[in-house]
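Peer 1:
2 protein chains.
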Amino acid sequence: MPTISEKGRNMPESPIRKLVPFAEEAQRAGKKVLYLNIGQPDIASPKVAIDAVKNLNRKVIEYSHSAGFISYRNKLAEYYRSVGIDVNADEVLITTGGSEALIFGFLTCFNPGDEVIIPEPFYANYNGFANVAGIKVVPVTAKIENGFALPDVEAFEALITPRTKGIVICNPGNPTGYLYTKSELEQLKDIVSRHDLYLFADEVYREFCYDGAKPYSVMNLTGIEDNVVLIDSVSKRYSMCGARIGAMISRNKELMATALKFAQARLSPPTLAQIASEAALDTPNSYFEEVIDEYVERRNIMVDGLNNIDGVFCPKPKGAFYCVARFPVDSTEKFCQWLLQEFEHNGQTVMMAPASGFYATPGLGVDEARIAYVLNKDALRDAVECLEEALKIYPGRLQVANHVTQERTA
Amino acid sequence: MPTISEKGRNMPESPIRKLVPFAEEAQRAGKKVLYLNIGQPDIASPKVAIDAVKNLNRKVIEYSHSAGFISYRNKLAEYYRSVGIDVNADEVLITTGGSEALIFGFLTCFNPGDEVIIPEPFYANYNGFANVAGIKVVPVTAKIENGFALPDVEAFEALITPRTKGIVICNPGNPTGYLYTKSELEQLKDIVSRHDLYLFADEVYREFCYDGAKPYSVMNLTGIEDNVVLIDSVSKRYSMCGARIGAMISRNKELMATALKFAQARLSPPTLAQIASEAALDTPNSYFEEVIDEYVERRNIMVDGLNNIDGVFCPKPKGAFYCVARFPVDSTEKFCQWLLQEFEHNGQTVMMAPASGFYATPGLGVDEARIAYVLNKDALRDAVECLEEALKIYPGRLQVANHVTQERTA
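Chains V and D are the protein sequences, given in the same order. Residue numbering for the first sequence follows numbering that gives the first Met the number 0, starting at 0 and increasing by one per position. Residue numbering for the second sequence follows numbering that gives the first Met the number 0, starting at 0 and increasing by one per position.
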């Protein structure tokens, strides 16, 4: 029997999905599982997008251009201009989800063995894409105590080696919900400029900013136009995760021409989903206003609820629909599994994603979990109540005093 | 400005699409271009598939399972059983087109620097996927004189090194249309078995076999179950190229579990297209009967027409909807460009894909072109007439005698 590749063996399993068998078991045992582990919103996709699919007026589901339908690219460029990002269709490559945009970007910019610095905790699949491209992820740690703000310049500089070729950020952030300020992004610009690095920014949660906060795009950092790659997706914006339509945007012409060669090899992004995504650009503003109001209320229920539980700490994020909370437990891996296997409250339990999978530094995040507040408000209230009750009886519960001491000496 | 990666620089441009600017120019000049360069059939997608999209009954375009909807995988396994390939849903991973299936397969099975042997001429994008995985394509040459039959065992054996890890075939073949016999496949089995190689078979044209020929799947080669990976796609079968739905099938459990990790990183294949593809499995047999009758007629018009032109030779393929023909010209690169730039007959001209891009051995295929007979019969008759007229006046036309002599001494 022939052997499996090294990359195959090194490919990480999804930390978001690895508790799934326990959740399935809990459901079989009759418990209602409140799924806070995955960023699959329950929000309806825009009617204009669904209608475009239902009114499909084609006899042949044909390839599109490898870079995506030109009508879609033009309209998407218009959308970017409307949010203050001045690009044209040539600077936009339509991809099969933000995932493919990251893979094309990594393959285009980095050689095997190159290093990219990523603030941790970070979206776990960056590890997978880095593995595909054969590059090394070098984490720079953001602290829960600071609400996961950007680590300071010195922390980045200390990690830079001759092999460092890029920095990857997610803004607003998954899993933290943290929204970088303009001054934090300018700090990144200085580092990028000083060492001539690529700066990848995953801005797929752009639309979800709260409390009056406005997102600032890396595309507006002047002087590093050839270094910047914007990653985007319709998945979260329009609650169309299953469309698998994303985009890679850059003003670096050589980079875009190279990425197009990778795109040509896979022929085209999905046609039906491009039709839906192009139509989605006509989604009325009222849709986002309602969705954002909804997420603010959900965030408040979840984050305020968590902070009211004795020993739990959760910074209040300004964006996306995730938060990372610290629990007074021995290990969130164990706690999350226990919640599914051993616990129920009024017939319900909660599924969260242990945060250790979002850190690259071993040992970090062992008492943290990522929560996606993608369920309705009543379900979120039930989830908070479940967690409060669970922490009263969880065998691995730590005393807060111990826990804080542990943290300080760590 | 940061540099582009080595893989990015090495990534081949599509030989199928590189004449596109000249075709666009020809169209602007008012010529009608008969596109025989790309495998985008004009055949309608099955009504059941289009209807499934139009009757979409979902409010949220959600992720599917990373391996694809289980309902689709079950039904697809049923389809395989109906064509004599005994697999279950666990042995089927739904991918974003056959392209992604090949990338996942290569990443799962091969390390950078590993070698795979591929009979040439072969589907040019295999080069791109090999480049992504960092593996080396080692061509074994099939000859137009033999109709592109499988090269003999000795030819394979001569190429095997300690780094050889696999063989990749396309059956029926793109670009040749050649259908391997059971005995050719058993010859491959012996080589695979002797050296414990992976055997990838791209069988996306399975449905398109002519003159009573039946395809024999590598999944039915006994004794090498753990070595075989089947690549499939709905693109050609249902004329749904733009769906971007394929599949990777293997009985090797470790291989499938590893491929699933790559699949998890990119979350899921496209949801809308899976709905269409699942419905397409209910396509009545009459659809295929009509389509196959149509392709046989098209093939006959094209291949017989070509062979009737003085100095042109084209083996008559038993499958797919391509053929590779030899032309009495200095270079098909030049001839194809000249057809677009300099020639017209009754206001029309022809676009073909120069075959050199389908060979990995430099210098081969310079007088061959791939033709996709994906246009209607009248258009194909016009195309043959165009080629006949063009060869009467093309400045780089060779005398047949010279040409044959050249070939014999080459």
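Just so you know, even glycine gets a beta-carbon here, dropped at the ideal spot from N, CA and C.
Helix, strand or coil for His-194(V)? Go by DSSP, reduced to three states.
Peer 2: helix
Peer 1: Would DSSP call Pro-11(D) helix, strand or coil?
Peer 2: coil
Peer 1: Quick check on Cys-322(D): does DSSP put it in helix, strand or coil?
Peer 2: strand
Peer 1: Could you check whether the stretch 201 to 214 of chain D touches the stretch 228 to 246 of chain D, counting it as contact only if at least three pairs of C-beta atoms, one from each stretch, sit closer than 8 Å?
Peer 2: yes
Peer 1: Quick one: grab the DSSP three-state call for Ala-409(V).
Peer 2: With a pLDDT of 38 at Ala-409(V), under the threshold of 50, the modelled position of that residue is not reliable, and the figure given next carries that caveat. Ala-409(V): coil per DSSP, three-state reduction.
Peer 1: Just reading off the beta strand (DSSP E) that Met-247(V) is part of, what are its end residues?
Peer 2: 245 to 248
Peer 1: Along chain D, in chain order, which residues have C-beta atoms closer than 7 Å to that of Glu-61(V)?
Peer 2: Listed along chain D, the residues sitting closer than 7 Å to Glu-61(V) by beta-carbon distance are Gln-39, Cys-240 and Gly-241.
Peer 1: Under 9 Å between C-beta atoms, does Cys-108(D) make it to chain V?
Peer 2: yes
Peer 1: Thinking Val-52(D) and Leu-55(V) are a contact (beta carbons under 8 Å), I'd like their distance in whole angstroms, please.
Peer 2: 5 Å
Peer 1: Within the same chain, show all residues whose beta-carbon is closer than 8 Å to that of Gly-222(V), passing over the 5 residues directly before and after it, in chain order.
Peer 2: Lys-188 and Ser-192
Peer 1: Between the stretch 4 to 27 of chain D and chain V, which residues of the former have CB atoms less than 9 Å from a CB of the latter, in chain order?
Peer 2: Flagged, chain order: Ser-4, Glu-5, Lys-6, Gly-7, Arg-8, Met-10, Pro-11, Glu-12, Ser-13, Ile-15 and Arg-16.
Peer 1: Between Val-86(D) and Ile-248(D), is the Cβ-Cβ spacing less than 9 Å?
Peer 2: Yes.
Peer 1: Is there a C-beta anywhere in chain D that falls below 9 Å from the one on Tyr-204(V)?
Peer 2: For Tyr-204(V), not one C-beta of chain D is nearer than 9 Å to its own C-beta.
Peer 1: Under 9 Å between beta-carbons, which chain D residues line up against Arg-265(V)? List them in chain order, please.
Peer 2: Thr-95, Gly-96, Ser-98, Glu-99, Ile-102, Asn-124, Gly-127, Phe-128 and Arg-243, listed in chain order.
Peer 1: Can you check which of these residues, Ser-238(D), Ala-123(D) and Tyr-393(D), is closest to Ala-48(D) by C-alpha distance?
Peer 2: Ser-238(D)
Peer 1: For the stretch 47 to 71 of chain V, which residues have a beta carbon sitting closer than 8 Å to at least one beta carbon of chain D?
Peer 2: Ala-48, Ile-49, Val-52, Lys-53, Asn-54, Leu-55, Arg-57, Lys-58, Val-59, Ile-60, Glu-61, Tyr-62, Ser-63 and Ser-65
Peer 1: Under the three-state reduction of DSSP, which class applies to Met-351(D): helix, strand or coil?
Peer 2: Looking at Met-351(D) - three-state DSSP - the assignment turns out to be coil, as it is neither helix nor strand.
Peer 1: Whole angstroms are fine: how far does the CA of Asp-50(D) sit from the CA of Asn-306(D)?
Peer 2: 42 Å
Peer 1: Report the rounded CA-to-CA distance for Val-403(V) versus Phe-320(V), giving the unit in angstroms.
Peer 2: No answer about Val-403(V) holds up, because its pLDDT of 47 lies below 50 and its placement is not dependable.
Peer 1: If you measure beta-carbon to beta-carbon, which residues of the stretch 259 to 285 of chain V are closer than 8 Å to chain D?
Peer 2: Answer set for the stretch 259 to 285 of chain V: Lys-260, Phe-261, Gln-263, Ala-264, Arg-265, Leu-266, Ser-267, Pro-268, Pro-269, Thr-270, Leu-271, Ala-272 and Ala-275.
Peer 1: Give the secondary structure of Leu-390(D) by DSSP, where H, G and I count as helix, E and B as strand, and everything else as coil.
Peer 2: helix
Peer 1: Thinking C-alpha only, which one of Pro-316(V), Val-19(V) and Lys-46(V) is nearest Phe-287(V)?
Peer 2: Lys-46(V)
Peer 1: Take Asn-219(V) and list the residues in its own chain whose beta-carbon comes closer than 8 Å to its own, dropping the five residues that flank it on each side.
Peer 2: Gly-83 and Ile-84
Peer 1: Can you give the Cα-Cα distance for Thr-160(V) and Val-152(V), rounded to whole angstroms?
Peer 2: 15 Å
Peer 1: Which residues of chain D have a Cβ atom closer than 8 Å to the Cβ of Asn-226(V), listed in chain order?
Peer 2: Correct list: Met-0 and Pro-1.
Peer 1: So, for Glu-296(V): in the same chain, excluding its five sequence neighbours on each side, which residues have a beta-carbon less than 8 Å away from its beta-carbon?
Peer 2: Lys-376.
Peer 1: Would a check of beta-carbon distances place Gly-304(V) closer than 9 Å to chain D?
Peer 2: no
Peer 1: Report, in whole angstroms, the separation of the C-beta atoms of Ser-424(D) and Ala-123(D), which I expect to be a contact under 8 Å.
Peer 2: The question about residue 424(D) has no answer, for chain D in this structure spans 0 to 409.
Peer 1: Going along chain V, which residues have a C-beta under 9 Å from Glu-156(D)?
Peer 2: By Cβ distance, chain V contributes nothing, its closest Cβ being about 18 Å from Glu-156(D), past 9 Å.
Peer 1: Would Lys-315(D) pass as a contact of Leu-178(D) if the rule is Cβ separation under 9 Å?
Peer 2: no
Peer 1: I'd like to know if the stretch 61 to 74 of chain V and the stretch 66 to 81 of chain D are in contact, where contact means that at least 3 CB-CB pairs between them fall below 8 Å.
Peer 2: no
Peer 1: If we define contact as Cβ-Cβ less than 9 Å, is Val-131(D) a contact residue for chain V?
Peer 2: yes
Peer 1: List, in order along the chain, the chain V residues whose C-beta lies closer than 8 Å to that of Lys-164(D)?
Peer 2: Pro-1
Peer 1: According to DSSP, Ile-370(D) sits in a beta bridge with which residue or residues?
Peer 2: Cys-322(D)
Peer 1: Classify Asp-41(V) as helix, strand or coil using the three-state DSSP reduction.
Peer 2: coil
Peer 1: How about Ile-159(V): is its C-beta nearer than 9 Å to some C-beta of chain D?
Peer 2: no
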